[in-house]
Amino acid sequence: MIAITLPDGTIRSFPSGSTGLDIALSIGRKLAQDALALKVDGKAVDLGMPLTADAAIEILTFDSPEGKNVFWHSASHIMAQAVEELFPGSRFGAGPAIDQGFYYDIASPHRFREPDLRQIEERMLEIGRRDITITREEMPRDAAIEFFSTVRQDPYKVEILEDTLKQVDTVSLYHQDKFTDLCIGPHLTSTSKLKAVLLTNISSSFWRGDSSRENMQRIYGIAFPSEKLLKEYAARIEEAKRRDHRKLGAELELFMLTPEVGSGLPIWLPKGAIIRNELESFLKEEQRKRGYLPVYTPHIGNIELYKRSGHYPYYSDSQFPPLTYHDEDGSQEQYLLKPMNCPHHHLIYSNRIRSYRDLPIRLTEFGTVYRHEQSGELNGLVRARGFTQDDSHIYCRPDQLVDEICNAIDLTQYVFSTLGFSSVQTRLSMHDPANQAKYGGTPEVWEQAEKDVKEAADRMGIDYFIGIGEASFYGPKIDFIVRDALDRKWQLGTVQVDYVMPERFDLSYVGSDGQKHRPVVIHRAPFGSMERFIGVLIEHTAGNFPLWLAPVQAIVLPIAEDIHDYAKSVHQAMLAAGIRTEIDIRSEKVGKKIRDAEVGKIPCMIVVGQKEQENGEVSLRRHRIGDAGRFSLNGMIEQLQKEITGRT
RNA sequence: GCUGAUGUAGCUCAGUCGGUAGAGCACUUCCUUGGUAAGGAAGAGGUCAUCGGUUCAAGUCCGAUCAUCAGCUCCA
């Protein structure tokens with residue numbers, strides 16, 4: 207007998223050789239039905255694996271991320287089997303489970319098209335109905351190479367065995383009917399668990415992510431153990447589409463993109479410009495309190511400036527080509543649309559001699575930069591070719607560095623919390639020591655910089671994870687990452703330490719010893735890019751902006767034409783109070799006016815009729831909440847003003 | 001940049017077998033004057049993304065280009 211510890215702490219004994227399924231059955235019929243795999247002492251294994259020693263176990267079902275992972279991984283194998291049956295000659299690359307489903311990279315003489323997906327889905331469900339047992343087999347690596355070379359004739363699996371797995375002696379194969387895949391597992395015990403599947407799209411990928419290798423066709427999908435779960439998934443996708451900032455941006459007239467101006471060059475419409483303006487004012491106000499000095503710099507700069515900073519050689523392929531100016535005497539000058547603001551700020555710093563007493567100096571600018579992102583990368587506001595950074599550079603003494611990083615983190619956190627972003631991930635982006643050539647500066651400098659970043663992050667008590675190889679070429683960063691409505695991750699704010707630029711630009715200050723010293727630079731941008739931030743904000747709020755940001759804060763809705771004069775006076779009073787207010791004097795019923803205002807996501811609807819007019823009152827209706835009651839005009843204005851200035 | 005898909009009125013979308021375009025919403029005008037999510041009628045609105053080809057005839061078939069979307073790759 208062996209002692210099995212269950213997740214709730216109870217210990218039960220089972221005959222040696224019992225499987226996960228046996229244990230699940232002993233606990234309950236439902237659990238046995240839902241069981242997908244087993245976790246033994248923290249390691250996921252097949253449900254059918256016999257247990258021969260005492261262990262702590264957990265039955266994995268579709269409710270847990272690990273259970274989903276097993277389910278989707280098996281679904282990708284089932285898809286491969288379906289593809290193999292339908293399109294003989296297909297060879298299989300990598301087919302993992304991902305955050306939301308799975309994919310398989312396939313090399314096939316057949317070019318997959320949309321209707322094929324429906325056919326493959328059908329076949330997958332049919333394979334599910336066949337109730338094929340999935341079995342694991344372990345064999346020496348050599349035998350597996352032999353197997354995949356001759357029986358399966360799959361060169362991709364052979365390559366994985368010969369390359370990625372060359373240190374491994376024994377590998378595992380999973381068989382289901384005639385289909386066999388090289389896989390570490392675990393997997394479902396039978397194909398019959400698959401009850402619902404949706405293949406979502408076809409795209410291409412490079413074999414092993416290497417653009418010099420062959421293209422493969424990648425089929426993405428998601429699968430569920432019940433129809434009901436698939437329906438729920440489809441509903442979530444619909445909701446995400448409704449929140450898409452590109453769709454809402456057009457509907458709410460916030461911004462536009464047109465090839466007549468250029469791909470990836472957003473234009474702010476009046477309503478979007480209000481939001482951006484409010485956000486900029488908010489940050490400017492906050493920065494004024496924190497000792498920042500506003501500056502302005504031009505949109506283009508001499509190419510020599512960026513060669514000196516190191517940006518040009520590192521990123522020349524993602525910049526717009528230089529503008530070349532030929533002089534009469536034959537000499538030429540080249541200018542770049544500025545890809546970065548920092549070089550300009552460094553020149554401002556070195557425009558005069560700085561004393562140690564002057565530091566820290568915090569230069570700040572909403573600086574528009576231009577980067578020629580690959581066409582396939584462009585995505586509304588969140589990935590644009592022209593965008594504005596809320597860019598500041600803090601020049602400080604080494605002894606001030608950690609404090610200044612903390613100040614920058616504090617500001618960033620304040621911005622995020624004011625805007626209601628609660629689930630922000632923080633990444634300490636460190637350099638990859640194995641790839642030193644990618645970075646400027648010496649290893650000693652990097653060590654110091656990363657130590658300082660960590661110290662600041664710890665002092666601020668932020669919950670971070672470390673991203674090796676995510677640093678910029680001049681220093682480590684603290685990156686603030688949020689997810690959009692489609693669950694894609696976007697980096698917004700950033701705080702970066704830089705010991706490299708001060709060298710390149712020969713920045714200095716005079717210390718108390720009368721000698722020249724090197725300052726350290728912090729690059730920081732709480733919003734990151736105004737475009738991206740607002741794009742994510744649109745999706746985050748679904749276009750229901752807080753009152754202080756709403757492009758139209760209130761709309762006056764007179765009930766009938768004989769109230770128009772009073773309605774107009776209310777409108778005027780609100781405009782005079784600085785509240786962005788419109789008035790709806792169409793000859794529509796109030797129900798219609800309210801509906802249009804609700805659809806337009808206007809936070810406050812001011813309904814006025816005979817009753818309000820008699821007492822100099824207004825009725826307030828809040829967006830998505832409903833009737834808020836009757837107030838005196840001035841009382842309501844005061845209340846709204848308080849809400850606006852409080853940015854709540 | 002690569003692979004695939006898409007592009008018809010301001011928006012959402014029909015448009016069969018190739019025979020010169022249609023709905024709903026929005027807009028304008030008129031009627032209606034109302035109490036918390038859609039009152040009624042009429043009107044206007046189109047180089048069917050662009051360019052080229054096939055055809056007696058192209059929104060429809062073919063090719064190229066541009067843009068957008070999904071993914072890959074890249075990312076300061």
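Add 206 to a position in the first sequence, counting from 1, and you land on the number used in the working numbering.
Glycine included, every Cβ here is placed at the ideal spot set by N, Cα and C.
Exercise. Ordered along the chain, which non-local residues of its own chain (more than five positions away) have a Cβ less than 6 Å from that of V608?
Worked result: Along the first sequence, read from residue 1 onward, the residue named residue 608 stands at position 402. Excluding positions up to five away in sequence, the list reads D658, E661, A662.
For this session: Give a yes or no on whether the C-beta atoms belonging to M707 and E676 are separated by under 8 Å.
Result: Along the first sequence, read from residue 1 onward, the residue named residue 707 stands at position 501. Along the first sequence, read from residue 1 onward, the residue named residue 676 stands at position 470. No, the Cβ-Cβ distance between M707 and E676 is not below 8 Å.
Exercise. Who are the Cβ neighbours of Y645 in its own chain at under 6 Å, not counting the five residues just before and after it?
Worked result: The residue labelled residue 645 in the question sits at position 439 within the first sequence. Closer than 6 Å at Cβ, skipping near neighbours: H637, F679.
For this session: Work out the CA separation of K274 and S515 for me, nearest whole Å.
Result: Counting from one through the first sequence, the residue named residue 515 turns up at place 309. Counting from one through the first sequence, the residue named residue 274 turns up at place 68. Distance between the alpha carbons of S515 and K274 is about 47 Å.
Exercise. Distance, Cα to Cα, Q847 vs A783?
Worked result: Walking along the first sequence from the start, residue 847 turns up at place 641. Walking along the first sequence from the start, residue 783 turns up at place 577. Looking at the two C-alpha atoms, the distance is approximately 8 Å.
Problem set entry | DSSP bridge partner residues for W652 (one or two, in chain order) | Here residue 652 is taken as the residue at index 446 of the first sequence, counted from 1. Paired residue(s): none; W652 is not in a bridge.
For this session: Could you give the DSSP three-state label for I789: helix, strand or coil?
Result: Locating residue 789 in the first sequence gives position 583, counting from the first residue. Looking at I789 - three-state DSSP - the assignment turns out to be strand.
Exercise. Helix, strand or coil: which one does DSSP assign to A241?
Worked result: Taking the first residue of the first sequence as position 1, residue 241 is located at position 35. Residue state, collapsed to three classes: coil.
Problem set entry | Beta-carbon proximity list for Y439, same chain, < 8 Å, skipping 5 on both sides | As a first step, residue 439 is located in the first sequence; it is residue number 233 there, counting from the start. The residues are L404, I428, F430.
Exercise. If we ignore side chains and look at the alpha-carbon of each, how far apart do M285 and Q382 end up?
Worked result: Locating residue 285 in the first sequence gives position 79, counting from the first residue. Locating residue 382 in the first sequence gives position 176, counting from the first residue. Between M285 and Q382, the C-alpha separation is close to 12 Å.
Exercise. Quick one: is H729 buried, meaning 16 or more other Cβ sit within 10 Å of its Cβ, or exposed?
Worked result: Locating residue 729 in the first sequence gives position 523, counting from the first residue. Classification of H729: buried, given that the 10 Å Cβ count is 16 or more.
Exercise. Excluding five sequence neighbours on each side, which residues of the same chain lie with their C-beta closer than 6 Å to the C-beta of S222?
Worked result: Stepping through the first sequence from its first residue, residue 222 is reached at position 16. Residues I208, T258 of the same chain have their beta carbon placed closer than 6 Å to that of S222, with the five preceding and five following residues left out of the count.
Problem set entry | Whole-number beta carbon distance between H505 and C548, since they are thought to touch under 8 Å | The count along the first sequence starts at 1 and reaches residue 548 at position 342. The count along the first sequence starts at 1 and reaches residue 505 at position 299. Not quite, the Cβ-Cβ distance comes to about 15 Å (not below 8 Å), so this is no contact.
Exercise. According to DSSP, is R560 helix, strand or coil?
Worked result: For the purposes of this step, residue 560 is identified with residue 354 of the first sequence, where counting begins at 1. It is coil, neither helix nor strand.
Problem set entry | Own chain partners of R724 with C-beta closer than 6 Å, once the 5 adjacent residues on each side are dropped | By one-based count along the first sequence, residue 724 stands at place 518. So the qualifying residues of the chain are P708.
Exercise. H723 by DSSP, collapsed to three states: which one?
Worked result: By 1-based counting over the first sequence, the position of residue 723 is 517. In this structure, H723 counts as strand in the three-state DSSP scheme.
Exercise. Sorted by chain position, which residues of the same chain lie with C-beta nearer than 8 Å to E457's C-beta, five sequence neighbours on each side aside?
Worked result: Within the first sequence, the letter at position 251 stands for residue 457. If we look at E457 and ignore the five residues flanking it on each side, its Cβ neighbours are G749.
Exercise. For the alpha helix (DSSP H) that I674 lies in, which residues bound it at each end?
Worked result: Position 468 of the first sequence holds residue 674. Note, I674: premise wrong, no alpha helix (DSSP H); beta strand (DSSP E) at 670 to 674.
Problem set entry | Nearest to A261 (by Cα), restricted to the options F220, L292, S735, E610 | The residue you call residue 261 lines up with position 55 of the first sequence. The shortest C-alpha separation from A261 is found at F220.
For this session: Please classify F318: does DSSP put it in a helix, a strand, or coil?
Result: Sequence index remark: in the first sequence, residue 318 carries index 112 (1-based). Of the three classes helix, strand and coil, the one that applies to F318 here is coil, per DSSP.
Problem set entry | Residue ranges of each alpha helix (DSSP H) within the region 291 to 366, 4 or longer | 320 to 336, 347 to 356
Problem set entry | Buried versus exposed, by CB contacts within 10 Å (16 or more), G586 | Within the first sequence, residue 586 is the residue found at index 380, counting from 1. Counting Cβ neighbours within 10 Å, G586 comes out buried, since at least 16 surround it.
Exercise. From the DSSP output, which residues share a beta bridge with G681?
Worked result: Residue numbering aside, residue 681 sits at position 475 when the first sequence is read from its first letter. Looking at the DSSP assignment, G681 forms a beta bridge with S678.
Exercise. Would I761 pass as a contact of G815 if the rule is Cβ separation under 8 Å?
Worked result: In the first sequence, residue 761 corresponds to position 555, counting from 1. In the first sequence, residue 815 corresponds to position 609, counting from 1. No, Cβ-Cβ distance for I761 and G815 is not below 8 Å.
Problem set entry | Contained beta strand (DSSP E) runs [length at least 3] in the region 694 to 765, N- to C-terminal order | 695 to 704, 726 to 731, 760 to 764
Exercise. Taking Cβ to Cβ, would you say H573 is nearer than 8 Å to D597?
Worked result: To locate residue 573, count along the first sequence from 1; it is residue 367. To locate residue 597, count along the first sequence from 1; it is residue 391. A quick correction: the sequence has Gly, not His, at residue 573. Yes, they are a contact pair.
Exercise. Of the residues L634, W652, G717, Q631, which one's Cα is nearest the Cα of N641?
Worked result: Counted from its first residue, the first sequence places residue 641 at position 435. Checking every option, the nearest Cα to that of N641 belongs to W652.
For this session: Select from E823, H829, W474, S561 the residue whose C-alpha is nearest the C-alpha of F593.
Result: Along the first sequence, one-based indexing puts residue 593 at 387. Checked all of E823, H829, W474, S561; the closest Cα to F593 is W474.
Exercise. Unbroken alpha helix (DSSP H) runs of length 4 or more, entirely within the region 587 to 637: which are they?
Worked result: 607 to 624
Problem set entry | L584 (DSSP reduced to helix, strand or coil) | Residue mapping note: residue 584 aligns to position 378 of the first sequence, counting from 1. In the structure shown, L584 adopts coil according to DSSP, grouped into three states.
Exercise. Using 8 Å as the threshold, is the region 539 to 546 in touch with the region 510 to 527, meaning 3 or more CB pairs across them?
Worked result: Yes: at least three Cβ pairs fall under 8 Å.
Exercise. In the DSSP assignment, what are the bridge partners of A429?
Worked result: Counting from one through the first sequence, the residue named residue 429 turns up at place 223. Note: A429 is bridge-paired with V403 in the DSSP secondary-structure output.
Exercise. Hey, would you say A643 sits closer than 8 Å to Y705, going by beta carbons?
Worked result: If you number the first sequence from 1, residue 643 lands on position 437. If you number the first sequence from 1, residue 705 lands on position 499. Going by C-beta atoms, A643 is not nearer than 8 Å to Y705.
Exercise. Beta carbon of R827, beta carbon of M811: below 8 Å?
Worked result: The residue labelled residue 827 in the question sits at position 621 within the first sequence. The residue labelled residue 811 in the question sits at position 605 within the first sequence. For R827 and M811, yes; Cβs fall inside 8 Å.
Exercise. Under the three-state reduction of DSSP, which class applies to K372: helix, strand or coil?
Worked result: Working through the first sequence from its first residue, we reach residue 372 at position 166. Residue state for K372 is assigned as coil, using DSSP reduced to three classes.
For this session: Specify the secondary structure class of D833 as computed by DSSP and reduced to three states.
Result: The count along the first sequence starts at 1 and reaches residue 833 at position 627. Three-state DSSP puts D833 in a strand.
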